[in-house]
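K.L.:
Going by the numbering used here, the letters in the sequence shown line up with residues 157 to 543, in that order. Glycine is no exception: its CB is placed at the ideal position from the N, C-alpha and C atoms. In this text, all values refer to a predicted model and were calculated from it rather than measured experimentally. Before we start, here is the structure in question, set down as structure tokens.
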Amino acid sequence: MLGNFMYYNPTKLYFGRDALESLGGELQSYGKTVQLIYGGGSIKKNGLYEELMEILLACGKVVVEDGGVMPNPTSERVKLGAKRAKENNVDLLLAVGGGSVCDYAKAVSVSAYCEEDFWEKYYERFEEPTCKIIPVGCVLTMAGTGSEMNGGAVVTNREKKLKIGHVFGSNVMPKFSILNPEFTYTLPERQMVAGIYDIFNHICEQYFSGDDDNVTDYLAEGLMKAVISASYKAKKDPHDYEARSNIMWAATWALNTLLNKGKTTDWEVHMLGQAVGAYTDATHGMTLAAVSLPYYRHILRYGLHKFKRFATEVWGVKCEGTDEEIAEKGLAAMEQWMKELGLALNISDLGATPDMIEGIADATRVQEGGYHVLTRDEIVKILTESL
Ligand code: NZQ
Ligand code: ZN
157 MLGNFMYYNP TKLYFGRDAL ESLGGELQSY GKTVQLIYGG GSIKKNGLYE
207 ELMEILLACG KVVVEDGGVM PNPTSERVKL GAKRAKENNV DLLLAVGGGS
257 VCDYAKAVSV SAYCEEDFWE KYYERFEEPT CKIIPVGCVL TMAGTGSEMN
307 GGAVVTNREK KLKIGHVFGS NVMPKFSILN PEFTYTLPER QMVAGIYDIF
357 NHICEQYFSG DDDNVTDYLA EGLMKAVISA SYKAKKDPHD YEARSNIMWA
407 ATWALNTLLN KGKTTDWEVH MLGQAVGAYT DATHGMTLAA VSLPYYRHIL
457 RYGLHKFKRF ATEVWGVKCE GTDEEIAEKG LAAMEQWMKE LGLALNISDL
507 GATPDMIEGI ADATRVQEGG YHVLTRDEIV KILTESL
């Protein structure tokens, strides 16, 4: 393991069919007023909202409603939530939903008492919060982002056409998260597979960096294999508890600060995907899927040893032929899997048009931890190939 690092993750997880039973106990640790944050209504349709209200009221909480958080939450919406939290002197932000709702809760937690413009402070200058932070708890209903156990809060600024993530420290991570795989059963298939690809790509983003023999890479390969195996089963039967629970647990471990240990990490697929998202408001996992293959094929020769290992260890490609041939077969196997899941393989399917390419390229941040640092021309080329 190279480098010096500290490992600490304060989020307490409750996992399994009975996980929600632990919410009442957790709520005892916080004051009376709870801001209940949720999305566009899925929790009202599947009955989770009523269950939660019952628990909250039985615990004597005053509930401040904050529903209607959109996928890819906007800076305008965060401002509204922050105002609501401050005005009501909220003691706990309880996020019930997927990554959008959890990220939004974290953004609200650091913005309610922020005296400056939160977007400029956290998303332009990347400063850390110095104000009071409201604690966040999560009840997860969609597996994918890992937001339930990390400090990430991705916010879209529609006016500036930017979608940016700030990874906050352990003081902003959820205090607890409730993970019942059955809560994900009602997800539309498109969202389920987008989440599955998001998980897989989080692992790739960390795996495709570094040259040393590293425990983290072996963990990553195991997680990737678990995700692939469970994905086929969940696609066939969305109520396959074993598969949905493996997907949910893998999602958490794919992005909860474990897999970046001893790694420089890449994250360029996310930078490209988020820029596409800023222009199209498309589903996060789909934006990643649509840019991944052109990107990986472009950088393959710079990280050949790792792409070869990816092919043989993750996809079971036989060690026959040149290193390039083996590595390419690995990406071909990944492409086949992506097709079988029904993922978007082109950004034009997500609403991107050729005239947007220059703007999307401008919105793409360049990362330096992977096998190759992209030039602007290369970004344009990859985006054009993704159309
Ligand atoms: O809003 P509702 O009605 O709840 O519907 C949601 C939403 O339309 C629906 N949904 C969620 N759970 C459901 C359900 N529908 C039926 N049954 C359920 N059980 O699914 C749709 C998508 O939800 P969303 O929260 O947007 O999805 P996801 O979890 O993929 O989150 C995406 C956001 O997270 C950010 C993305 O950029 C995007 O903004 N990310 C956060 C990260 C982090 N915190 O570390 C890292 C990721 O790379 C990602 O960037
Ligand atoms: Zn992601």
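Leaving out five residues on either side along the sequence, give the residues of the same chain with a beta carbon under 6 Å from the beta carbon of Tyr458.
P.N.:
For the purposes of this step, residue 458 is taken as residue 302 along the sequence shown, with counting starting at 1. Excluding residues within five positions, the ones whose Cβ falls inside 6 Å are Tyr527, His528.
K.L.:
Which value, in whole angstroms, describes the spacing of the CA atoms of Met226 and Gly196?
P.N.:
Position 70 of the sequence shown, counted from the first residue, corresponds to residue 226. Position 40 of the sequence shown, counted from the first residue, corresponds to residue 196. Each residue's alpha carbon lies about 6 Å from the other.
K.L.:
If we count the other Cβ atoms within 10 Å of its Cβ and call it buried at 16 or more, is Phe161 buried or exposed?
P.N.:
Within the sequence shown, the letter at position 5 stands for residue 161. Looking at its Cβ environment, which holds fewer than 16 other Cβ atoms inside 10 Å, Phe161 is exposed.
K.L.:
Taking only the alpha-carbon atoms, compute the straight-line gap between Gly253 and Leu169 and give it to the nearest angstrom.
P.N.:
Position 97 of the sequence shown, counted from the first residue, corresponds to residue 253. Position 13 of the sequence shown, counted from the first residue, corresponds to residue 169. Looking at the two C-alpha atoms, the distance is approximately 16 Å.
K.L.:
When DSSP labels each residue in this structure, what does Thr230 get in the three-state scheme?
P.N.:
Taking the sequence shown and counting its residues from 1, the one referred to as residue 230 is at position 74. In this structure, Thr230 counts as strand in the three-state DSSP scheme.
K.L.:
Please tell me whether Leu415 and Leu444 are closer than 8 Å, where the distance is taken between their beta carbons.
P.N.:
As a working mapping, residue 415 is identified with position 259 in the sequence shown. As a working mapping, residue 444 is identified with position 288 in the sequence shown. Their beta carbons are not under 8 Å apart, which means Leu415 does not touch Leu444 by this criterion.
K.L.:
Give a yes or no on contact between the segment 213-229 and the segment 267-287, applying the rule of three or more CB pairs nearer than 8 Å.
P.N.:
Touching, no, given that fewer than three Cβ pairs across the two stretches are closer than 8 Å.
K.L.:
For Gly321, report the span of its beta strand (DSSP E) as first-last.
P.N.:
Mapped onto the sequence shown, residue 321 falls at position 165. From DSSP, the beta strand (DSSP E) with Gly321 extends over 318-323.
K.L.:
Mind checking which residues open and close the alpha helix (DSSP H) that includes Cys287?
P.N.:
Position 131 of the sequence shown, counted from the first residue, corresponds to residue 287. Note, Cys287: premise wrong, no alpha helix (DSSP H); not H, not E.
K.L.:
Across the segment 438-457 and the segment 344-355, are there enough close Cβ pairs to call them in contact, namely three or more that are closer than 8 Å?
P.N.:
Taking 8 Å as the limit for Cβ pairs, the verdict is that the segment 344-355 does touch the segment 438-457.
K.L.:
Can you give the Cα-Cα distance for Glu206 and Leu213, rounded to whole angstroms?
P.N.:
What you label residue 206 is simply residue 50 of the sequence shown in a count that begins at 1. What you label residue 213 is simply residue 57 of the sequence shown in a count that begins at 1. So the two alpha carbons sit approximately 11 Å from each other.
K.L.:
Less than 7 Å between the CB of Asn154 and some heavy atom of the ligand NZQ, yes or no?
P.N.:
The question about residue 154 has no answer, for the chain in this structure spans 157 to 543.
K.L.:
CB of Val257 to nearest heavy atom of the ligand NZQ: below 7 Å?
P.N.:
In the sequence shown, counting from the first residue as 1, residue 257 sits at position 101. Yes, the Cβ of Val257 comes within 7 Å of a heavy atom of the ligand NZQ.
K.L.:
Decide if the segment 389-400 is in contact with the segment 276-288; the criterion is three or more beta carbon pairs, one per stretch, under 8 Å apart.
P.N.:
Touching, no.
K.L.:
I'd like to confirm the pairing. Which residues does DSSP put opposite Ala251 in its beta bridges?
P.N.:
Walking along the sequence shown from the start, residue 251 turns up at place 95. Answer is Ile193, Cys294.
K.L.:
If you run the structure through DSSP and keep just helix, strand and coil, what is Thr420?
P.N.:
One-based indexing of the sequence shown puts residue 420 at position 264. In the structure shown, Thr420 sits in coil (DSSP, three-state: anything other than H, G, I, E or B).
K.L.:
Could you check whether the Cβ of His322 sits closer than 8 Å to any Cβ belonging to chain C?
P.N.:
Of the chains in the structure shown, none is chain C; there is only one protein chain.
K.L.:
Which whole-angstrom value is the C-beta distance of Asn336 and Leu176, which I expect to be below 8 Å?
P.N.:
Indexing the sequence shown from 1 puts residue 336 at position 180. Indexing the sequence shown from 1 puts residue 176 at position 20. Confirmed, about 6 Å.
K.L.:
Return yes when the Cβ of Val264 is within less than 8 Å of the Cβ of Ala299, no when it is not.
P.N.:
Indexing the sequence shown from 1 puts residue 299 at position 143. Indexing the sequence shown from 1 puts residue 264 at position 108. No.
K.L.:
Pull up the distance between the alpha-carbon of Pro285 and that of Asn327, whole angstroms please.
P.N.:
As a position in the sequence shown, residue 285 is number 129, starting the count at 1. As a position in the sequence shown, residue 327 is number 171, starting the count at 1. Near 9 Å, if we compare the C-alpha coordinates of Asn327 and Pro285.
K.L.:
So for Thr312, helix, strand or coil by DSSP?
P.N.:
As a first step, residue 312 is located in the sequence shown; it is residue number 156 there, counting from the start. The answer is strand: DSSP assigns Thr312 an E or B state.
K.L.:
Taking DSSP's pairing of strands, which residues face Val218 in a bridge?
P.N.:
By one-based count along the sequence shown, residue 218 stands at place 62. Bridge partners of Val218: Thr189.
K.L.:
Could you check which residue in Ile355, Gln523, Leu449, Met512 has the C-alpha nearest to that of Lys381?
P.N.:
Here residue 381 refers to the residue found at position 225 when the sequence shown is read from its first residue. When only C-alpha atoms are compared, the closest one is Ile355.
K.L.:
Can you tell me which of Leu179, Ser267, Arg521, Gly223 puts its alpha carbon nearest to the alpha carbon of Lys200?
P.N.:
Position 44 of the sequence shown holds residue 200. When each option's Cα is compared against that of Lys200, the closest is Gly223.
K.L.:
What did DSSP end up calling Leu335 once you bin it into helix, strand or coil?
P.N.:
Numbered from 1 along the sequence shown, position 179 holds the residue referred to as residue 335. Reduced to three states, the DSSP call for Leu335 is strand.
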